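Heads up, the thing below is written out as structure tokens.
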């Protein structure tokens with residue numbers, strides 16, 4: 001480094017601090033990019049990165065340095081970050097964690113990627129995820145990490161024998177391990193919030209439609225939403241400000257809501273903030289570790305001047321069957337494009353066209369993806385559409401109505417992200433339903449299209465899970481991300497859970 005940044009290492013600085021250090025020329029974007037590239041290679045045992053290209057990354061960093069010298073720097077100029085391998089990128093391979101897209105190189109960047117690049121961000125590389133974002137543990141990936149010939153799940157840096165959560169497990173792991181200051185993620189049913197909680201970082205899923213889905217490999221189109229993952233709410237606010245904005249020409253589900261400066265309310269008082277606490281989030285199945293950490297966090301909010309309000313979300317339990325009808329149905333439709341004709345994997349030996357379709361999809365898709373395609377095709381089939389899919393859509397509307405009734409009594413809703421802390425790799429691999437049940441607290445917010453986030457609120461104290469991070473979920477009403485981020489930021493100003501890092505990193 002040309003000039004010492006501080007007594008802290010560069011990878012321990014926040015997004016805000018790094019952007020300021022670059023602007024003040026305490027460090028160049030090129031030096032910073034090289035620093036994080038070196039760390040990524042030194043900690044390859046986490047199996048997080050699936051594509052690194054030092055030449056491309058350093059070229060982007062040098063271009064950032066040139067813009068800084070010319071006085072045309074963007075809001076995130078020179079900031080290195082990682083992209084979930086579900087966003088297509090022109091300069092890096094995009095696999096969506098699947099054999100089906102092995103070696104695929106997109107001719108364009110996803111809108112989220114291009115928006116961050118326009119703000120000056122530098123791409124470190126692509127990070128692993130569950131195949132087509134289908135999973136809660138990152139164990140469904142079919143792609144080997146950089147430096148490895150074997151496929152393995154991403155490791156949780158707090159305990160490398162544990163899962164980092166999914167599907168954005170790679171994004172959460174690299175941020176927690178200080179291999180990247182921030183990363184992009186996607187959330188279909190909790191895939192930003194749950195891995196953020198398991199890895200002790202902060203992540204936010206904005207209102208559905210806030211961030212463009214163009215260039216994001218589709219899983220369930222009415223649910224998928226991009227969002228940032230970083231160490232603090234302040235960092236997430238900076239990133240979200242760059243990521244969001246209407247994209248009507250390329251994404252028909254994009255909201256006609258102007259881009260916002262999500263940092264504008266960060267330091268507002270939360271005196272009198274009404275925090276809804278749903279009784280359905282604190283029933284059977286919630287571990288003592290998670291319950292006590294969330295209870296303590298709620299008490300902290302009371303000390304900060306917020307008011308706790310008991311509320312009811314009576315259809316919470318129905319969110320699991322509803323989600324696992326709607327999401328697979330949409331996946332069945334979206335993944336029909338992967339047939340071996342225009343791009344992606346194609347079987348080598350086949351008889352006719354139908355045989356090529358069958359063998360290509362059998363070889364290219366993993367077990368979980370096949371499972372969801374089969375479920376989705378079933379519920380959309382003649383004779384079952386009305387009984388399953390249509391009924392699920394009706395209940396989805398009722399779930400959204402439950403939230404609107406709750407927001408008449410409160411400003412934000414708080415509760416656990418997941419019933420437990422991160423479990424051991426392989427512990428639930430043979431039981432897909434057990435994996436599905438871990439999404440009980442995140443699915444309803446996704447079905448309603450609400451903004452939601454996870455913030456670190458403590459660590460497990462029980463002997464079996466001691467020291468593992470615990471997250472708390474905050475849910476807001478539509479387009480109310482600034483208030484959510486304010487509530488999270490004020491909590492983080494009063495606590496230091498978000499500053500903790502795993503040993504060895």
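Numbering (the UniProt record's numbering), first residue to last: 1 to 505.
We treat Cβ as the ideally placed atom computed from N, Cα and C, and that holds for glycine.
Predicted, not measured: the structure shown is a model, and the values here were computed from it.
| query | result |
| --- | --- |
| Reference residue 84, options 37, 157, 185, 407, closest by Cα | 185 |
| Segment limits, alpha helix (DSSP H) that includes residue 376 | 367–380 |
| Where residue 134 falls: helix, strand or coil (DSSP) | coil |
| Rounded C-alpha distance that separates residue 254 from residue 484 | 21 Å |
| Selection from 474, 465, 401, 397 that minimises the alpha carbon distance to residue 416 | 474 |
| Per-residue DSSP class, three states only, for residue 500 | coil |
| Residue 250 to residue 214 span [Cα, whole Å] | 6 Å |
| Alpha-carbon to alpha-carbon, residue 174 and residue 559 | Outside the shown range of the chain, which is 1 to 505, sits residue 559, and nothing can be said about it. |
| Buried or exposed by the 16-neighbour rule on C-beta atoms within 10 Å, applied to residue 128 | buried |
| When 50, 65, 168, 63 are compared against residue 149, the one with the closest alpha-carbon | 50 |
| Option nearest residue 389 by Cα separation, candidates 327, 370, 412 | 327 |
| Residue 19 (DSSP reduced to helix, strand or coil) | helix |
| Range covered by the alpha helix (DSSP H) that runs through residue 310 | First-last for residue 310: 307–311, but that is the beta strand (DSSP E), not the alpha helix (DSSP H). |
| Uninterrupted alpha helix (DSSP H) stretches inside the stretch 187–247 (no shorter than 4 residues) | 193–199, 233–243 |
| Residue-level contact to chain D via CB, residue 162, 7 Å cutoff | Here there is only one protein chain, and chain D is not present. |
| Spatial distance of residue 471 from residue 277 (CA atoms) | 15 Å |
| Inter-stretch contact (C-beta, 8 Å, three-pair minimum) for the stretch 64–82 and the stretch 24–35 | yes |
| Supposed close pair residue 119, residue 262 - CB separation, criterion 8 Å | Wrong, their Cβ atoms sit about 13 Å apart, outside the cutoff. |
| Candidates 320, 365, 465, 353: closest to residue 338 by CA position | 365 |
| Other residues of its chain near residue 171: CB distance less than 6 Å, five sequence neighbours each side excluded | 84, 127, 183, 185, 229 |
| Near the ligand ZN: residue 75 beta-carbon under 6 Å from a heavy atom | Absence of the ligand ZN from the depicted structure is noted, as is the absence of any ligand whatsoever, leaving it without description. |
| Pair within 7 Å by beta-carbon distance, residue 211 and residue 244 | yes |
| Residue span of the beta strand (DSSP E) that contains residue 52, given as start and end | 49–52 |
| Outcome for residue 2 when other beta-carbon atoms lying within 10 angstroms are tallied against a minimum of 16 | Below a pLDDT of 50, predicted positions are generally treated as unreliable, and residue 2, at 42, falls in that range; the measurement from the model is reported next regardless. With fewer than 16 other Cβ atoms within 10 Å, it is exposed. |
| First and last residue of the uninterrupted beta strand (DSSP E) at residue 565 | Residue 565 lies beyond the residue range present for the chain, which begins at 1 and ends at 505; the question has no answer from this structure. |
| Of the listed residues 39, 165, 446, nearest to residue 477 (C-alpha basis) | 446 |
| Status (buried if at least 16 other CB within 10 Å, exposed otherwise) for residue 374 | exposed |
| Residues of its chain near residue 480, where Cβ-Cβ distance is below 7 Å and the 5 sequence neighbours each way are ignored | 451 |
| Exposed unless 16 or more other CB atoms sit within 10 angstroms - verdict on residue 431 | exposed |
| C-alpha gap between residue 398 and residue 8, whole angstroms | 50 Å |
| Given residue 194 as reference, the closest of 486, 423, 501 once Cα atoms are compared | 423 |
| Helix, strand or coil at residue 530 [DSSP, three-state] | A question about residue 530 goes unanswered here, because the residues of the chain that appear run from 1 up to 505. |
| Buried versus exposed, by CB contacts within 10 Å (16 or more), residue 279 | exposed |
| Boundaries of the beta strand (DSSP E) in which residue 328 is found, first to last residue | Per DSSP, residue 328 belongs to no beta strand (DSSP E); it is in the alpha helix (DSSP H), 319–334. |
| Test item: CB-CB of residue 508 and residue 167 under 7 Å | The requested residue 508 is not part of the displayed model; the chain covers only 1 to 505. |
| Beta-bridge pairing of residue 475 - partner residues as DSSP gives them | 413, 452 |
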